[in-house]
Amino acid sequence: MIRATILAAALLLSASAALAEEPIVGNWKTVEGDTAAIVPCSDSYCVTLKTGKYAGKQIGKMQGKGDSYTGELTDPSENKTYSGSGTVSGNSVKMRGCVLKIFCKSQTWTRL
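If you count by mature numbering (1 follows the signal peptide of the UniProt record, and there is no 0), then the sequence shown holds residues -20 to -1, 1 to 92, one letter each, in order.
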């Protein structure tokens, strides 16, 4: 009986942890049609391309919670890293990379 109670409690805790994931966590379709995975890594969220020409390349690392995240994003075609941000809205995330906070480019990715 005690063992069953402990097992049930463990299952509830793991289910609660899954439900508490940040909105940015998941697989996203980029504007190029590639899949980018955003997963927790240490105290941040790592952005890694899973498909396409640059599959396996980490292209970002962000911190935040809720619908707003900041950090760095890398353009894999130029291998240049920029100050970045991500804003989640429903099943889309607007990724923005800037140089000197003046010259910025944005992309909107959709959740897969």
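Backbone N, C-alpha and C fix where the C-beta goes; we use that ideal spot for every residue, glycine too.
Separation of Trp8 and Gly66 (C-alpha to C-alpha, rounded to the nearest whole angstrom) is 12 angstroms.
Rounded to whole angstroms, Gly70 and Ile4 show a C-alpha spacing of 10 angstroms. When DSSP reads this structure, Tyr62 sits in a beta bridge with Leu53. Put simply, of Thr15, Glu2, Glu12 and Gly32 the residue whose alpha carbon is nearest the alpha carbon of Cys21 is Glu2. At the C-beta level, Gly64 and Thr50 come within 9 angstroms of one another.
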